[in-house]
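Colleague: Just passing along the structure, written as structure tokens.
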Amino acid sequence: MRRSDERGFNDIAVACIRFRATTHRLIALTYLVLYFVHGSRHSPPSIRYRKHNWRDHGSAGRKQPNMSRQPDWRLYESYIHSVEHFALRPPRIDPDVPLNYHPEVDDYTMSSGMARTPGGRRWLAWFGNADNSQTVMLLGFSDDDGPVTEPHFIIDPGFVPGGLHMSAVVGNLWCAPDGRLFCFFMQSVGHFDGRGGTWQSVCENPDTDEPAWSTPERIWHGAALNKPTVLSDDTWLLPVALWGRNMFRLEDRHTRNIALSEFCQVNGLFTELDERRGSNVLASRDHGRHWEPRGTAVNPHKPIFDEPMVLERGDGSLLMYIRDREGMLASESHDQGWTWSTPQHLPWQCASARFLLRRLRSGAALLVRHANADEPAVRSHMTAFISRDDGGCWEGGLLLDERDRISYPDGYQEDDGLIRVQYDRLRECGEILMASFTEEDALAGRDVSGRIVLRQPLVQSRSARLGLT
Numbered sequence: 044m045r046r047s048d049e050r051g052f053n054d055i056a057v058a059c060i061r062f063r064a065t066t067h068r069l070i071a072l073t074y075l076v077l078y079f080v081h082g083s084r085h086s087p088p089s090i091r092y093r094k095h096n097w098r099d100h101g102s103a104g105r106k107q108p109n110m111s112r113q114p115d116w117r118l119y120e121s122y123i124h125s126v127e128h129f130a131l132r133p134p135r136i137d138p139d140v141p142l143n144y145h146p147e148v149d150d151y152t153m154s155s156g157m158a159r160t161p162g163g164r165r166w167l168a169w170f171g172n173a174d175n176s177q178t179v180m181l182l183g184f185s186d187d188d189g190p191v192t193e194p195h196f197i198i199d200p201g202f203v204p205g206g207l208h209m210s211a212v213v214g215n216l217w218c219a220p221d222g223r224l225f226c227f228f229m230q231s232v233g234h235f236d237g238r239g240g241t242w243q244s245v246c247e248n249p250d251t252d253e254p255a256w257s258t259p260e261r262i263w264h265g266a267a268l269n270k271p272t273v274l275s276d277d278t279w280l281l282p283v284a285l286w287g288r289n290m291f292r293l294e295d296r297h298t299r300n301i302a303l304s305e306f307c308q309v310n311g312l313f314t315e316l317d318e319r320r321g322s323n324v325l326a327s328r329d330h331g332r333h334w335e336p337r338g339t340a341v342n343p344h345k346p347i348f349d350e351p352m353v354l355e356r357g358d359g360s361l362l363m364y365i366r367d368r369e370g371m372l373a374s375e376s377h378d379q380g381w382t383w384s385t386p387q388h389l390p391w392q393c394a395s396a397r398f399l400l401r402r403l404r405s406g407a408a409l410l411v412r413h414a415n416a417d418e419p420a421v422r423s424h425m426t427a428f429i430s431r432d433d434g435g436c437w438e439g440g441l442l443l444d445e446r447d448r449i450s451y452p453d454g455y456q457e458d459d460g461l462i463r464v465q466y467d468r469l470r471e472c473g474e475i476l477m478a479s480f481t482e483e484d485a486l487a488g489r490d491v492s493g494r495i496v497l498r499q500p501l502v503q504s505r506s507a508r509l510g511l512t
């Protein structure tokens, strides 16, 4: 293909992407108008609007209605109560993945997690479609350390009566010490119905040609984005966030211009869970067959999605890091997670985003976070740090990717000491990339092992593969 022809093809591809985005907006707008104005026999109960506020308009002093919407949320609350039981039904981890969720078609690639099996297969999970009530979770694998070219499984919880989609917006993959592959994910009516739900499924044969997943089991409320920690007494601790009432999001983009903050405060959905809203841990003493909730670390500052991770220290105490709207917090437990100290801000500034906290084979700890010294709130400069004193001091600082709009790291360490970290870039029209390095590289802040590989593509949308983004 001549270079001029390739440029022309790229221009056509960009135009198609823009047309697709515009089409999606028009569809969403049409649905919004029908949903809130006309409704249908399958729609939630019609929403009654309170009287308009009036304001002066124009030099003639005429009164015009203030068009800010103030719906009667009691009807919406009643609707959620009528369909909440659908979120308690197990979804299917389906090997029949619709073509529209393949990376070559679906522009959206949001990082979930990555795991390595005993046979050397790399499994990858990511979120497709969007980061809202429409989110689905996709699972794929590679046997040659190369990219995942297609999703092999999909978790799509589907719709409830009334047209509201159940989201699978949170989850991860984890290879247990016994070689079983666990998939954790959230299922909620809408983006977050106030309760959520942490589910698990287990793959007993993750290295075979036809891996099979067990029927998902709901193990608690909330959302588990990060991997479990195995304690020295063989207890498994799974960090689970039960988001606050300020995080209620049902149809997300469809309700963006409505007084959703009012609904968060006045609704009576799942008030019995309010005392557990925060960063929780679930404990299993039988290798994931049964889980019990322990204590909750409640963020008194500016909570958001929490996304907690737990590290066991040498003295048996637990260190929990928590995401906050202004960066990261830390909490401690001295009774195996039954009680937690009040979370406090960590001494550094960083973006409000997911981070990675893991114990390495050497006994040191790994922390991967954003570290933009000039603009701390920006999701850029993803950097790996090492602690040799259980999180008391973080040393080194290996820059993995300095670009903007990178986020959500997850990873593992291989038997030979190589650390693998995956993360997303751009999400829409973006890609999921991987960085490979050693503990010594992270401590030195540079390549001392000769094994560093950065920005290795794992999953790419067509736009990213063509170099259009």
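Under the numbering used here, residue 512 is the last one in the sequence shown; the count climbs by one each step, no gaps.
We treat Cβ as the ideally placed atom computed from N, Cα and C, and that holds for glycine.
Since the structure is predicted, the reported quantities are computational estimates derived from the model, not experimental observations.
1) Tell me the rounded alpha-carbon separation between Glu294 and Gly214.
2) Span of the alpha helix (DSSP H) holding Leu486?
3) Who are the Cβ neighbours of Glu247 in its own chain at under 7 Å, not counting the five residues just before and after it?
4) Can you list the beta strand (DSSP E) stretches of 3 or more residues lying completely in the segment 148-233, in chain order?
5) At a cut of 8 Å, does the segment 183-203 reach the segment 137-150 through at least three beta carbon pairs?
6) Could you give the DSSP three-state label for Val496: helix, strand or coil?
7) So, using beta-carbon positions, are Asp150 and Glu471 closer together than 9 Å?
8) Contact between the segment 329-339 and the segment 350-362: three or more CB pairs below 8 Å?
9) Does Phe129 come out as helix, strand or coil in the three-state DSSP assignment?
10) In three-state terms, what does DSSP make of Ile475?
11) Helix, strand or coil for Glu294? Go by DSSP, reduced to three states.
12) For the alpha helix (DSSP H) that contains Ala507, what are its first and last residues?
13) From the DSSP output, read off the bridge partner residues of Arg242.
14) With Ala485 and Leu497 assumed to form a contact (beta carbons below 8 Å), what rounded beta-carbon distance in angstroms separates them?
15) Quick check on Trp279: does DSSP put it in helix, strand or coil?
16) Under the criterion of a Cβ to heavy atom distance below 8 Å, does Arg332 qualify as lining the ligand NAP?
17) Assign Glu350 to one of two classes, buried (16 or more other C-beta atoms within 10 Å of its C-beta) or exposed (fewer than that).
18) From the DSSP output, in three-state form, read off Ser121 for me.
19) How big is the Cα-Cα spacing for Gly104 and Gln387?
20) Alpha carbon to alpha carbon, how far is Leu442 from Leu389? Give it in angstroms, no decimals.
21) Does the pairing of the segment 134-142 with the segment 151-163 give three or more beta-carbon distances under 8 Å?
22) How big is the Cα-Cα spacing for Trp256 and Trp437?
23) Quick test of your reading: Ser360 and Ser374, contact by CB under 8 Å. State the CB separation rounded to the nearest angstrom.
24) For Leu501, which three-state DSSP category applies?
25) Run through DSSP, which three-state label would Leu511 get?
26) Measuring straight from C-alpha to C-alpha, what distance separates Glu445 and Cys393?
27) Alpha carbon to alpha carbon, how far is Glu457 from Trp263?
28) So, under 8 Å CB-CB, Ser423 and Asp453 are touching, yes? Tell me the CB distance rounded to an integer number of Å.
29) For Ser405, is the classification buried or exposed, using 16 other Cβ atoms within 10 angstroms of its Cβ as the cut-off for buried?
30) Taking the CB atoms as reference points, tell me whether Ala414 and Ile429 lie closer together than 9 Å.
31) Tell me, please, which residues DSSP counts as bridged to Leu325.
32) Tell me whether Glu474 is buried or exposed, calling it buried when 16 or more other Cβ atoms sit within 10 Å of its Cβ.
33) Could you check the C-alpha separation between Leu280 and Glu120 for me, to the nearest Å?
34) Should the segment 183-191 be called in touch with the segment 164-173, which here means at least 3 C-beta pairs below 8 Å?
35) For Ala326, which residues from the same chain have a beta carbon less than 6 Å from its beta carbon, with the 5 sequence-adjacent residues on both sides left out?
36) Spell out whether any CB of chain C is found under 9 Å from the CB atom of Asp150.
Modeller: By the coordinates alone:
1) Taking the sequence shown and counting its residues from 1, one reaches residue 294 at position 251. Taking the sequence shown and counting its residues from 1, one reaches residue 214 at position 171. Using only the alpha carbons, I get a separation of about 20 Å.
2) Numbered from its first residue, the sequence shown carries residue 486 at position 443. Counting along the chain, the alpha helix (DSSP H) containing Leu486 begins and ends at Glu482 to Ala487.
3) By 1-based counting over the sequence shown, the position of residue 247 is 204. The answer, listed in chain order, is Arg223.
4) 153-159, 165-171, 179-185, 196-198, 214-218 and 224-229
5) yes
6) Position 453 of the sequence shown, counted from the first residue, corresponds to residue 496. Val496 falls in the strand class under three-state DSSP.
7) Against the sequence shown, residue 150 aligns to sequence position 107. Against the sequence shown, residue 471 aligns to sequence position 428. Their beta carbons are under 9 Å apart, which means Asp150 touches Glu471 by this criterion.
8) no
9) The residue given as residue 129 occupies position 86 in the sequence shown. Residue state, collapsed to three classes: helix.
10) In the sequence shown, residue 475 corresponds to position 432, counting from 1. Ile475: strand per DSSP, three-state reduction.
11) Locating residue 294 in the sequence shown gives position 251, where the first residue counts as 1. Reduced to three states, the DSSP call for Glu294 is coil.
12) In the sequence shown, counting from the first residue as 1, residue 507 sits at position 464. Element bounds for Ala507: Arg505 to Arg508.
13) Stepping through the sequence shown from its first residue, residue 242 is reached at position 199. The question names Arg, but residue 242 is Trp in the sequence shown. Paired residues: Phe228 and Arg261.
14) Here residue 485 is taken as the residue at index 442 of the sequence shown, counted from 1. Here residue 497 is taken as the residue at index 454 of the sequence shown, counted from 1. Actually they are not in contact, since the Cβ atoms of Ala485 and Leu497 sit about 13 Å apart, beyond 8 Å.
15) If you number the sequence shown from 1, residue 279 lands on position 236. Residue state, collapsed to three classes: strand.
16) This structure simply doesn't include the ligand NAP, nor any ligand for that matter.
17) On the sequence shown, position 307 is the one that residue 350 refers to. Its Cβ being crowded by 16 or more others within 10 Å, Glu350 is buried.
18) Here residue 121 refers to the residue found at position 78 when the sequence shown is read from its first residue. Correct three-state label for Ser121: helix.
19) Translated into positions along the sequence shown, residue 104 becomes position 61. Translated into positions along the sequence shown, residue 387 becomes position 344. Reliability of the predicted coordinates at Gly104 is poor, the pLDDT of 42 falling under 50, and no value is obtained from them.
20) Locating residue 389 in the sequence shown gives position 346, where the first residue counts as 1. Locating residue 442 in the sequence shown gives position 399, where the first residue counts as 1. The straight-line gap from Cα to Cα measures roughly 20 Å.
21) no
22) Here residue 256 refers to the residue found at position 213 of the sequence shown. Here residue 437 refers to the residue found at position 394 of the sequence shown. Going by the C-alpha atoms only, they are around 39 Å apart.
23) Numbered from 1 along the sequence shown, position 317 holds the residue referred to as residue 360. Numbered from 1 along the sequence shown, position 331 holds the residue referred to as residue 374. Their Cβ separation, rounded to whole angstroms, is 11 Å, which puts Ser360 and Ser374 out of contact at 8 Å.
24) Indexing the sequence shown from 1 puts residue 501 at position 458. Three-state DSSP puts Leu501 in a strand.
25) In the sequence shown, the residue the question calls residue 511 occupies position 468. Reduced to three states, the DSSP call for Leu511 is coil.
26) Mapped onto the sequence shown, residue 445 falls at position 402. Mapped onto the sequence shown, residue 393 falls at position 350. If you take the alpha carbons of Glu445 and Cys393, they lie about 14 Å apart.
27) Taking the first residue of the sequence shown as 1, we reach residue 457 at position 414. Taking the first residue of the sequence shown as 1, we reach residue 263 at position 220. Rounded to whole angstroms, Glu457 to Trp263 spans 30 Å at the Cα level.
28) For the purposes of this step, residue 423 is taken as residue 380 along the sequence shown, with counting starting at 1. For the purposes of this step, residue 453 is taken as residue 410 along the sequence shown, with counting starting at 1. With 8 Å as the limit, Ser423 and Asp453 do not qualify as a contact, their Cβ atoms being about 18 Å apart.
29) Within the sequence shown, residue 405 is the residue found at index 362, counting from 1. Exposed.
30) Within the sequence shown, residue 414 is the residue found at index 371, counting from 1. Within the sequence shown, residue 429 is the residue found at index 386, counting from 1. No, these two residues do not count as a Cβ contact at 9 Å.
31) As a position in the sequence shown, residue 325 is number 282, starting the count at 1. In DSSP, Leu325 forms a bridge with Leu281 and Pro336.
32) Here residue 474 corresponds to residue number 431 of the sequence shown, with the count starting at 1. Buried, by the Cβ-count rule.
33) For the purposes of this step, residue 280 is taken as residue 237 along the sequence shown, with counting starting at 1. For the purposes of this step, residue 120 is taken as residue 77 along the sequence shown, with counting starting at 1. Distance between the alpha carbons of Leu280 and Glu120 is about 34 Å.
34) yes
35) Position 283 of the sequence shown, counting from 1, holds the residue named residue 326. Thr278, Leu280, Glu335 and Arg337, listed in sequence order.
36) As a matter of chain content, chain C is missing from the structure shown, which is built from one protein chain.
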